[in-house]
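In numbering that gives the first Met the number 0, the protein residues as written are 0 to 306. Ideal placement from N, C-alpha and C gives every residue a C-beta, glycine not left out. The structure presented is a predicted model; accordingly, all values stated were derived computationally and were not measured. Working notes, beginning with the structure itself.
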Amino acid sequence: MKKILVATEKPFAKAAIDQIRPIVEGAGYAFALLEKYTDKAELLDAVKDASAMIVRSDKVTREVIEAAPELKIVVRAGAGYDNLDLEACTEKGVVAMNTPGQNSNAVGELVLGMMVFMARNSYNGTAGTELRGKKLGIHAYGNVGQYVAKIAQGFGMEVYAFDPFVEKATIEAAGITALDTVEDLYRTCDYISLHIPANQHTKQSINYALLSSMPKGGTLVNTARKEVIHEEELMKVMADRPDFTYISDIAPDCKADIEAKFEGRFFFTPKKMGAQTAEANINAGVAGANQIIGFLEKGDETFRVNK
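Structure representation (structure tokens):
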């Protein structure tokens, strides 16, 4: 019997597993669960006879792929998939997928929650500012960006977006102003919500030129990846612009320097929290299980991310 493995160092909620298991077993496959493992050897042993695997932020490296000769598909339960070695997957004939959209509302709510927190001076008792009437720029109008835009409109914000891969008509149909360049987005908006992936084209692309062009009181909100920020140039902006604020769902490598020099002008979650809701946890895991069954039974590759 083919085995479908759920391998998560950071476990799914029990409610998610309680829904994933019957999907797997109901389709006639064996269900295996590896949680809270502390040694890579445990993962390597668990994958040796797995036909399919669901992971969260777990690293599926070349070593893991090569230890799994029966593996046909690996699904990252979430949108980002930079923890999967796509080249190794392709070489070994393994289909790699993500589960786009399942965490989007959770991330969207976090973005606005962090923005309110900082706009009100971390609730320290002093007078802050309001989001209503401020300009929010969505940098990459994908699943998460769309949710952020929708929630921000409910706050009464003016929403702008830049995404070279989305038609302007699609963006503007949602009541959002589509801008032609990324430079236009940053120089126009009081807040920027960042949703670009981390790849060879985007790493360190959020730099001094973009950030320093933001209006007075500019705030960057990053729920994407820390690698897309040019941290040395971020530090320069924060030094040159006492009005600039940085909010991130993942602490930068220069966290200690920012904490030492720019008190009150930053907020970092203690760990990546965008998808950390009960609903998102269940949605992504269940979607991963259904995608695996769809692929094994029907060859459905809808959410494939490797070649």
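Sheet register partners of residue i (DSSP bridge)
i: residue 32; result: 5
i: residue 97; result: 75
i: residue 221; result: 193, 247
i: residue 59; result: 83
Local conformation of residue i per DSSP, three classes
i: residue 205; result: strand
i: residue 136; result: strand
i: residue 302; result: coil
i: residue 165; result: coil
i: residue 52; result: strand
i: residue 228; result: strand
i: residue 69; result: coil
i: residue 129; result: coil
i: residue 89; result: helix
Check whether residue i and residue j have beta carbons under 9 Å apart
i: residue 69; j: residue 87; result: no
i: residue 78; j: residue 277; result: no
i: residue 267; j: residue 252; result: no
i: residue 60; j: residue 76; result: no
i: residue 2; j: residue 55; result: no
i: residue 205; j: residue 193; result: yes
i: residue 94; j: residue 63; result: no
i: residue 182; j: residue 212; result: yes
i: residue 135; j: residue 148; result: yes
i: residue 12; j: residue 280; result: yes
i: residue 16; j: residue 287; result: no
Residue of the options minimising C-alpha distance to residue i
i: residue 202; options: 141, 293, 225; result: 225
i: residue 223; options: 244, 214, 200, 195; result: 195
i: residue 197; options: 142, 261, 81, 299; result: 81
i: residue 177; options: 239, 37, 137, 67; result: 137
i: residue 28; options: 150, 299, 293; result: 293
i: residue 217; options: 304, 112, 102, 133; result: 133
i: residue 157; options: 142, 190, 180, 168; result: 190
i: residue 245; options: 163, 291, 118, 270; result: 118
i: residue 24; options: 269, 289, 302; result: 289
i: residue 7; options: 299, 284, 131; result: 284
i: residue 120; options: 264, 221, 273; result: 264
i: residue 254; options: 109, 239, 228; result: 228
Quiz item: Does the pairing of the segment 185-192 with the segment 35-54 give three or more beta-carbon distances under 8 Å?
Solution: no
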